[in-house]
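Residue 1 is where the sequence shown starts when you use the UniProt record's numbering, and the numbers rise one by one after that. Working notes for the structure below.
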Amino acid sequence: MPGSRRTRRWFLGVAIAVVAVLVAGVAVYVYQWSRRGMQPTITAAEGARRVEEYTRQAAARLPAHARLVNSGGTELFSTAPCDQPSDHGPQGRVQVSVSYQIHDLDPAKFTEYFDALRAFWSGNGYTVLTDSRPKDWYLWVQREPDEFRFSLEGNDLGKLYLGGVTPCLWPNGTPPA
Numbered sequence: 001m002p003g004s005r006r007t008r009r010w011f012l013g014v015a016i017a018v019v020a021v022l023v024a025g026v027a028v029y030v031y032q033w034s035r036r037g038m039q040p041t042i043t044a045a046e047g048a049r050r051v052e053e054y055t056r057q058a059a060a061r062l063p064a065h066a067r068l069v070n071s072g073g074t075e076l077f078s079t080a081p082c083d084q085p086s087d088h089g090p091q092g093r094v095q096v097s098v099s100y101q102i103h104d105l106d107p108a109k110f111t112e113y114f115d116a117l118r119a120f121w122s123g124n125g126y127t128v129l130t131d132s133r134p135k136d137w138y139l140w141v142q143r144e145p146d147e148f149r150f151s152l153e154g155n156d157l158g159k160l161y162l163g164g165v166t167p168c169l170w171p172n173g174t175p176p177a
């Protein structure tokens, strides 16, 4: 039957066109996904400034007598390669972090300190990623939309730590050519 042959050819042509559009769409998506880490970022120096600023904003929610002591050794900031396997991003990026031990606070009031920082972070555009209380003294948040992350951690020795880390950044803000 001539009509059915024509119909089959028409359906075959439509099927080929649909497959071609899907393949092209997937190719564009894969290309964009593979280039996503190649976008410019803020510089590592700007990341250091911001992570310090955001950490100090959080620390201001603690009692006024709280004393922050850099727990990163002689350098205020630590810079490390950004090599997160789950990130699937390009090599050469870094993360800048800062870490403080908080002195002169009563360990019996850890709950108050954690609640104060959680309330501050939750009310200021941060997403709580982990709150391990009451099992552990650990609170981890991410600032949206720039993805800076911060943690508050206490231990059985009565020590309290506040830290922050930048998202993956190009050291000078520009990916390699």
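Backbone N, C-alpha and C define an ideal beta-carbon position, used for all residues, glycine too. Just so we're clear, the structure is a prediction, and the values are computed from it rather than from any experiment.
Please report how far the alpha carbon of residue i lies from the alpha carbon of residue j, in whole angstroms.
i           : j      : result
TYR113      : LEU68  : 14 Å
SER151      : PRO176 : 31 Å
PRO90       : PRO167 : 13 Å
PRO81       : LEU169 : 9 Å
VAL165      : PHE77  : 10 Å
LYS159      : THR130 : 19 Å
TRP140      : THR79  : 20 Å
VAL94       : GLY163 : 17 Å
TYR29       : PRO134 : Unreliable positioning characterises TYR29 in this predicted model, as indicated by a pLDDT of 37, which lies under 50. A coordinate reading is not provided.
residue 265 : ASP106 : An answer regarding residue 265 cannot be provided, because it is not within the stretch 1 to 177 covered by the chain.
How would you label residue i, buried or exposed, when you count the other beta carbons within 10 angstroms and need 16 or more for buried?
i      : result
ARG6   : exposed
LEU62  : buried
SER132 : exposed
THR174 : exposed
THR74  : exposed
THR127 : exposed
THR154 : Note that residue 154 corresponds to Gly in the displayed sequence, not to Thr. So GLY154 ends up on the buried side.
May I ask you to list the residues that DSSP assigns as paired with residue i?
i      : result
PRO81  : VAL94
VAL51  : According to DSSP, which records beta bridges pairwise, VAL51 is partnered with nothing at all.
THR111 : Looking at the DSSP assignment, THR111 forms no beta bridge with any residue, so it has no partner.
PHE150 : VAL141, GLY164
ILE102 : LEU68, LEU160
I think residue i touches residue j, with their Cβ atoms under 8 Å apart; what is that distance to the nearest whole Å?
i      : j     : result
VAL96  : THR55 : About 11 Å; that fails the 8 Å criterion.
PHE148 : ARG50 : 7 Å
ASP104 : HIS65 : 5 Å
SER71  : GLN39 : Between GLN39 and SER71 the Cβ distance is about 32 Å, and since that is not below 8 Å, they are no contact.
PRO171 : ALA58 : Not quite, the Cβ-Cβ distance comes to about 26 Å (not below 8 Å), so this is no contact.
First and last residue of the beta strand (DSSP E) that includes residue i?
i      : result
THR130 : 126 to 131
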